[in-house]
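Take 0 as the starting number for the sequence shown in numbering that gives the first Met the number 0 and just add one per residue. Okay, so here's the structure we're looking at.
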Amino acid sequence: MDDDFDFPSASNAADEMGMDEELDLPETNPVIKVGEEKEIGKNGLKKKLTNEGEGWENPSSGDEVEVHYVGTLLDGTQFDSSRDRGTPFKLKLGQGQVIKGWDEGIKTMKKGEKALFTIPPELAYGESGSPPTIPPNATLQFEVELLSWTSVKDICKDGGIFKKVLVEGEGWQNPKDLDEVFVKYEALLEDGTLISKSDGVEFTVKDGFFCPALAKAVKTMKKGEKALLTVNSQYAFGEKGRPQVGDEISVPPNASLQINLELVSWKTVSDVTNDKKVLKKILEEGEGYERPNDGTVVKVKLTGKLQDGTVFVKKGHDGEEFEFKVDEEQVIEGLDRAVKTMKKGEMALVIVQPEYAFGPSESQQELAVVPADSTLYYEIEMVSFVNEKESWDMNAQEKIEAAGKKKEEGNVWFKAGKYARASKRYEKGVGFVEYDSSFSDEEKQQAKLLKISCNLNNAACKLKLKDYKEAVKLCTKVLDIDSRNVKALYRRAQAYIQLVELELAEQDIKKALEIDPDNRDVKMEYKILKDKVKEYNRKDAQFYGSIFAKMSKLEQQNSSSAEKKEAMPMAIDRAVHLRAVSSVSAKTRDCWSAMITAVKAGLRSISTRLNAPVKSKTS
């Protein structure tokens with residue numbers, strides 16, 4: 000038969016059959032063992048695996064694949080073979096270049112795999128066949144070997160940029176918006192005319208370079224990857240094109256481009272504070288995965304500069320590293336937080352906005368004055384650090400000692416008014432002794448006292464930080480351990496009052512006074528609760544009074560409107576109409592009245608209980 004046998008495209012075959020092009024695609028890629036045959040999808044396509052492939056990846060729509068195949072009818076008559084021609088067949092998947100059975104089947108294959116596909120006429124040449132070799136309504140069999148494929152991705156999902164990978168990159172990471180990439184590229188018009196070329200240029204991904212396609216593409220690439228981009232005009236220079244720039248020729252309007260792009264390397268830039276006010280650019284990767292914890296002593300080399308390059312501080316370069324403790328306010332906040340993200344041996348440039356540096360104040364530093372509202376640039380090398388032992392590396396006594404230490408650190412920060420820092424210390428302290436199943440009875444008692452004191456102190460921090468829900472949770476944890484803990488009842492009542500959970504606050508206060516009738520703090524909180532209820536009663540009276548006034552006004556307007564319409568011809572009796580208006584008004588009024596009565600009854604109930612004498616109980 001002919002060596003240049005040509006497959007009709009899937010779209011042509013479908014047109015000849017009068018079929019809709021939208022066919023169900025396979026739901027999954029079923030697992031098939033060698034010698035086993037399974038149906039692929041819902042349209043009758045069958046696949047029998049004859050030789051397993053390698054790896055786990057499959058080609059997808061847009062990819063350029065290379066195969067060998069032998070095509071036969073069900074009676075064994077061969078009608079085509081790339082093996083006989085000695086030349087592999089190349090095609091682009093999902094582009095209508097081959098029959099649909101091929102498009103669907105090859106997507107399930109791995110590199111090096113061999114399979115026999117049985118393709119029904121609906122996915123082949125249909126009622127028309129392909130004279131003279133393929134009769135109408137013929138079921139075909141193809142023995143296919145997937146030799147290789149080149150990944151081609153529609154990276155914007157709109158056909159605007161197709162990326163064909165020429166050389167695979169290394170690793171799995173891709174650059175992000177804040178990262179600085181170093182690339183080589185060559186851009187050509189469709190006729191091959193060179194318009195721009197660079198053997199190395201660096202830019203921030205979100206800022207882009209040359210044309211929008213470069214920034215879009217590098218975010219999908221790995222280090223060392225080389226790719227060919229086919230770029231439509233909307234991701235190139237659009238309807239206006241680009242005038243001549245220096246030695247680079249102009250780009251015509253609506254021109255598509257071919258860009259050879261290599262991602263040589265990039266520097267990771269992270270947003271340390273999640274508000275883009277402390278940015279860290281890694282200049283040299285560190286080792287391992289460990290980073291400093293709060294309270295860890297770190298040794299660094301650092302140089303601090305102003306925006307104009309003036310060096311205002313230089314430490315650790317004279318043979319002895321600069322040493323400080325993380326999260327202890329021994330350096331500016333921006334530097335403190337950046338160091339916590341660094342690995343041993345890492346070198347980085349940290350850019351700190353004034354809010355995380357010296358703010359609106361001028362500051363005299365080691366080598367120069369830092370003006371008010373200055374952005375600072377620190378070059379830092381993390382020389383070494385040793386984190387404290389984690390709880391899983393400690394025995395019971397070490398855990399108890401560590402929890403006690405964290406509690407004392409928290410107390411120092413609380414007295415200094417640093418409630419967020421204190422809270423973190425208390426949380427860390429509880430973490431050491433939270434699970435005490437392996438403790439002795441004496442150790443369990445020590446752990447219990449530490450859990451109670453750390454959670455109570457942390458609740459006090461949360462009240463100061465206005466995190467009332469968390470304060471409630473912490474006090475409840477204490478009461479689960481000690482149901483008669485007056486401090487926990489008192490602080491939970493404080494949180495409930497702020498959350499306007501007045502009945503719950505009342506219950507906690509009364510219980511606390513039953514346990515300790517003379518507690519001045521609890522009595523004071525009781526007075527605050529009574530004042531709150533009075534305040535809410537007054538506000539409610541104003542609110543509901545305003546509603547009644549508006550309803551009364553609305554009723555008057557309805558009555559007046561009904562009187563004005565008296566002389567107008569009406570489809571229904573006037574008396575019936577007025578009765579309907581009155582009925583609606585009455586029902587609305589009754590509804591509001593019932594709701595208001597219920598709310599007031601609730602408030603009166605609270606007021607009554609608050610004014611009732613508290614009975615003390617002897618312990």
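Even for Gly, the Cβ is constructed at its ideal location relative to N, Cα and C.
(request) Have a look at Q140 and G61 and give me their C-alpha separation to the nearest angstrom. (result) Looking up residue 140 in the sequence shown gives position 141. Looking up residue 61 in the sequence shown gives position 62. Cα-Cα distance, rounded: 24 Å.
(message) Please list the terminal residues of the continuous beta strand (DSSP E) segment that includes V66.
(response) Here residue 66 corresponds to residue number 67 of the sequence shown, with the count starting at 1. Residues 63-72.
(request) Give the DSSP-derived three-state secondary structure of A214 in the structure shown. (result) Position 215 of the sequence shown, counted from the first residue, corresponds to residue 214. Of the three classes helix, strand and coil, the one that applies to A214 here is helix, per DSSP.
(request) Kindly list the residues whose CB is nearer than 6 Å to the CB of Q77, restricted to its own chain and excluding five residues on each side of it in sequence; keep chain order. (result) Translated into positions along the sequence shown, residue 77 becomes position 78. Closer than 6 Å at the Cβ level, and outside the excluded window around Q77, lie T71.
(request) Can you give me the Cβ contacts of V485 inside the same chain, cut-off strictly under 8 Å, excluding the 5 residues immediately before and after it? (result) If you number the sequence shown from 1, residue 485 lands on position 486. So the qualifying residues of the chain are A511, I514, D515, N518, V521.
(request) Drop a sphere of 10 angstroms on the beta-carbon of Q82, count the other beta-carbons inside from all chains shown, and report buried for 16 or more, exposed for fewer. (result) Within the sequence shown, residue 82 is the residue found at index 83, counting from 1. Correcting the residue identity first, residue 82 is Arg in this sequence and not Gln. So R82 counts as exposed.
(message) Out of G40, G104, F413, which one is the CA nearest neighbour of N57?
(response) For the purposes of this step, residue 57 is taken as the residue at position 58 of the sequence shown. Answer by Cα proximity: G104.
(message) By alpha-carbon positions, which one of N410, E354, E322 ends up nearest to M381?
(response) In the sequence shown, residue 381 corresponds to position 382, counting from 1. Ranking the options by Cα distance to M381, first place goes to E322.
(request) Note down the Cα distance separating G158 from L213, rounded to an integer number of angstroms. (result) Along the sequence shown, one-based indexing puts residue 158 at 159. Along the sequence shown, one-based indexing puts residue 213 at 214. The alpha-carbon atoms of G158 and L213 are separated by roughly 15 Å.
(message) Between E354, S439, E502, A419, which has its C-alpha nearest Q396's C-alpha?
(response) To locate residue 396, count along the sequence shown from 1; it is residue 397. The shortest C-alpha separation from Q396 is found at S439.
(request) List the whole-angstrom C-beta distance separating E378 from P370, where the pair is believed to meet the contact cut-off of C-beta under 8 Å. (result) For the purposes of this step, residue 378 is taken as the residue at position 379 of the sequence shown. For the purposes of this step, residue 370 is taken as the residue at position 371 of the sequence shown. Actually they are not in contact, since the Cβ atoms of E378 and P370 sit about 20 Å apart, beyond 8 Å.
(message) Taking 8 Å as the threshold (C-beta atoms), are I248 and T192 in contact?
(response) Reading the sequence shown from its first residue, position 193 is the one you call residue 192. Reading the sequence shown from its first residue, position 249 is the one you call residue 248. Cβ distance < 8 Å, so T192 and I248 count as in contact.
(message) On a Cα-Cα basis, can you pick out the residue from L145, P29, L177 that is closest to G52?
(response) As a working note, residue 52 is residue 53 in the sequence shown. That would be L145, whose Cα lies nearest to the Cα of G52.
(message) Measuring only the C-alpha atoms, how far is T302 from V310?
(response) Residue numbering aside, residue 302 sits at position 303 when the sequence shown is read from its first letter. Residue numbering aside, residue 310 sits at position 311 when the sequence shown is read from its first letter. Straight-line Cα distance between these residues: approximately 7 Å.
(request) Could you name the residues that DSSP lists as bridge partners for M523? (result) Here the question's residue 523 lines up with position 524 in the sequence shown. Partner(s): none; M523 has no beta bridge.
(request) With DSSP collapsed to three states, give me the class of L619. (result) Given a span of 0 to 618 for the chain in the structure shown, any question on residue 619 remains unanswerable.
(message) Output needed for D307: all residues of its chain with C-beta closer than 6 Å, excluding positions within five of it in sequence on either side, in chain order.
(response) The residue given as residue 307 occupies position 308 in the sequence shown. Result list for D307: empty, nothing under 6 Å.
(message) Restricting to runs no shorter than 4 residues, where is the alpha helix (DSSP H) found entirely within the region 291-373?
(response) 332-338
(request) Look at the alpha carbon of K266 and the alpha carbon of T340, and state the distance between them as a whole number of angstroms. (result) For the purposes of this step, residue 266 is taken as residue 267 along the sequence shown, with counting starting at 1. For the purposes of this step, residue 340 is taken as residue 341 along the sequence shown, with counting starting at 1. Straight-line Cα distance between these residues: approximately 15 Å.
(request) Taking all protein chains shown into account, decide if Y434 is buried (16 or more other Cβ within 10 angstroms of its Cβ) or exposed. (result) Taking the sequence shown and counting its residues from 1, one reaches residue 434 at position 435. Exposed, since its Cβ has fewer than 16 Cβ neighbours within 10 Å.
(request) Classify W391 as helix, strand or coil using the three-state DSSP reduction. (result) The sequence position of residue 391 within the sequence shown is 392, counting from 1. In this structure, W391 counts as helix in the three-state DSSP scheme.
(request) Flag this pair as yes or no: are the beta carbons of S390 and F357 separated by less than 8 Å? (result) Looking up residue 390 in the sequence shown gives position 391. Looking up residue 357 in the sequence shown gives position 358. Cβ atoms of S390 and F357: not closer than 8 Å.
(request) Return the bridge partner residues of F161 from the DSSP annotation. (result) For the purposes of this step, residue 161 is identified with residue 162 of the sequence shown, where counting begins at 1. According to DSSP, F161 bridges with D153, T229.
(message) Measuring only the C-alpha atoms, how far is Y535 from E505?
(response) By 1-based counting over the sequence shown, the position of residue 535 is 536. By 1-based counting over the sequence shown, the position of residue 505 is 506. Cα to Cα, the separation comes out at about 15 Å.
(request) Determine the burial state of S452: buried for a count of at least 16 other Cβ atoms within 10 Å of its Cβ, exposed for fewer. (result) The sequence position of residue 452 within the sequence shown is 453, counting from 1. Its Cβ being crowded by 16 or more others within 10 Å, S452 is buried.
(request) Check whether the Cβ atoms of T149 and P119 sit closer than 8 Å, and answer yes or no. (result) For the purposes of this step, residue 149 is taken as the residue at position 150 of the sequence shown. For the purposes of this step, residue 119 is taken as the residue at position 120 of the sequence shown. For T149 and P119, no; Cβs fall outside 8 Å.
(request) Grab me the residues of M220's own chain with a C-beta within less than 7 Å of its C-beta, minus the 5 sequence neighbours each way, in chain order. (result) Counting from one through the sequence shown, the residue named residue 220 turns up at place 221. Excluding sequence neighbours, M220 sits near G168, N173, A226, L262.
(message) Starting from F384, trace the beta strand (DSSP E) in both directions and tell me its first and last residue.
(response) Indexing the sequence shown from 1 puts residue 384 at position 385. Here the beta strand (DSSP E) through F384 covers 375-384.
(message) Can you find the residues in the same chain that come closer than 6 Å, C-beta to C-beta, to L449, ignoring five residues on each side of it along the sequence?
(response) Numbered from its first residue, the sequence shown carries residue 449 at position 450. Closer than 6 Å at the Cβ level, and outside the excluded window around L449, lie A402, V432.
(message) Count Cβ pairs between the region 201-212 and the region 276-292 that sit closer than 8 Å; are there 3 or more?
(response) no
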